[in-house]
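Chemist: I'd like to ask some things about the structure below.
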Ligand code: SAM
């Protein structure tokens, strides 16, 4: 699909370029904020799986730049924004970047160190593995990311703080959620730490996409909870990773104990529909619309390595091995 054609078919892709966002995902976080006011009072935040960085840009524009540009910035109270991803990303004002795998304990330690004993008010995670199209497999790998994110949450989030995480819905939607075992376990795990959990579908997220966002409010770990015990605790309820005691089919999500997680659409519902095509606007001079380049292409996308590997394979297996070791 050419740029102009995508501009027509994907209004949020076009708007992202016009407004200087690195990815259309920026609108998802903005629309979640419209509904849940997630930035209120936030001074410290962690952005997990952040590249290419449109959520970090939102955090920078909403939290960092307004203070940086005001006289208050002199009292040293600038917000702390820490962003992590496997991929490197181009710098963003006020955002500390950590390159690493969030499922690796060492990465979590680096993040925690940045907080220097202080706690975060908000943790967001838009993590997604490379989607294979095999829904069960995609849900499983996604759940590993959520579990890693939850581990970091238990170390850095302050009591009362918020956690926003991308989830995959599987094929069944809304009230059928509880039919899906992975989601059952996920709900149990999230409800263990957050009394208020809502699933949100921003207007900018296509209906055809299985993604939604868990908006978890008022972090309240169980009494006496020790972060080191997280995995043991999750094993008891059946962790979202599918490990351990997986008896998610019974218990407090059944019968009179059934828990319904509210599901809300968010963003201006009379606004742009991500599943519709919109004609390109004419310019003031009456000339045709000039498609813009992406704001910041990824600096080391995985497909580049794949192309290099493909090229190397035609030059012999030795080069291939060397490249895969280097990457
Ligand atoms: N929120 C980002 C934005 O607004 O630009 C988009 C995030 S993109 C949908 C998903 C990201 O998850 C990718 O950049 C990918 O590298 C990252 N990711 C996937 N698995 C990861 C892992 N184990 N650790 C860190 N990042 C991971």
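Numbering (our numbering), first residue to last: 1199 to 1525. Glycine is no exception: its CB is placed at the ideal position from the N, C-alpha and C atoms. Everything numeric in this text was worked out from a predicted model, so none of it was measured.
1) Can you tell me whether residue 1383 is helix, strand or coil according to DSSP?
2) Which residue from 1311, 1508, 1499 puts its Cα closest to that of residue 1285?
3) Inspect the CB distances between the segment 1461-1478 and the segment 1298-1307 and report whether three or more fall short of 8 Å.
4) Compute the Euclidean distance between the alpha carbons of residue 1236 and residue 1258, then round it to the nearest angstrom.
5) Express the C-alpha separation of residue 1244 and residue 1396 in angstroms, rounding to a whole number.
6) Buried or exposed: where does residue 1283 fall if 16 or more other Cβ atoms within 10 Å of its Cβ makes it buried?
7) Given that a residue counts as buried once 16 or more other Cβ atoms are within 10 Å of its Cβ, and exposed if not, what is residue 1497?
8) Between residue 1225 and the rest of its own chain, which residues show a CB-CB distance below 6 Å, the 5 nearest in sequence each way excluded?
9) If we count the other Cβ atoms within 10 Å of its Cβ and call it buried at 16 or more, is residue 1377 buried or exposed?
10) Threshold first: 4 residues or longer. Then list the alpha helix (DSSP H) segments lying entirely within the segment 1319-1372, N to C.
11) Return yes when the C-beta of residue 1291 is under 7 Å from any heavy atom of the ligand SAM, and no when it is not.
12) CA-CA distance, residue 1214 and residue 1430?
13) Tell me, to the nearest whole angstrom, how far the beta carbon of residue 1388 is from that of residue 1412; I am working on the premise that it is less than 8 Å.
14) Excluding the 5 residues flanking residue 1326 on each side, which residues of the same chain have their C-beta closer than 8 Å to its C-beta?
15) Measure the beta-carbon distance from residue 1351 to residue 1361 and round it to whole angstroms, keeping in mind my assumption that it falls under 8 Å.
16) Identify which residue in 1414, 1260, 1465, 1359 has its Cα closest to the Cα of residue 1232.
17) Drop a sphere of 10 angstroms on the beta-carbon of residue 1488, count the other beta-carbons inside from all chains shown, and report buried for 16 or more, exposed for fewer.
18) Do residue 1265 and residue 1276 have their beta-carbon atoms positioned less than 8 Å apart in this structure?
Modeler: Short version:
1) helix
2) Of the listed residues, the one whose Cα sits closest to residue 1285 is 1499.
3) Contact between the segment 1461-1478 and the segment 1298-1307 is not established, with fewer than three Cβ pairs separated by less than 8 Å.
4) Going by the C-alpha atoms only, they are around 14 Å apart.
5) 20 Å
6) buried
7) exposed
8) 1210, 1402
9) With a pLDDT of 39 at residue 1377, under the threshold of 50, the modelled position of that residue is not reliable, and the figure given next carries that caveat. Answer is exposed; the Cβ neighbour count stays below 16.
10) 1333-1354
11) Not under cutoff, so the answer is no.
12) 42 Å
13) 6 Å
14) Contacts found: 1247, 1340, 1343, 1364, 1409.
15) 5 Å
16) 1465
17) exposed
18) yes
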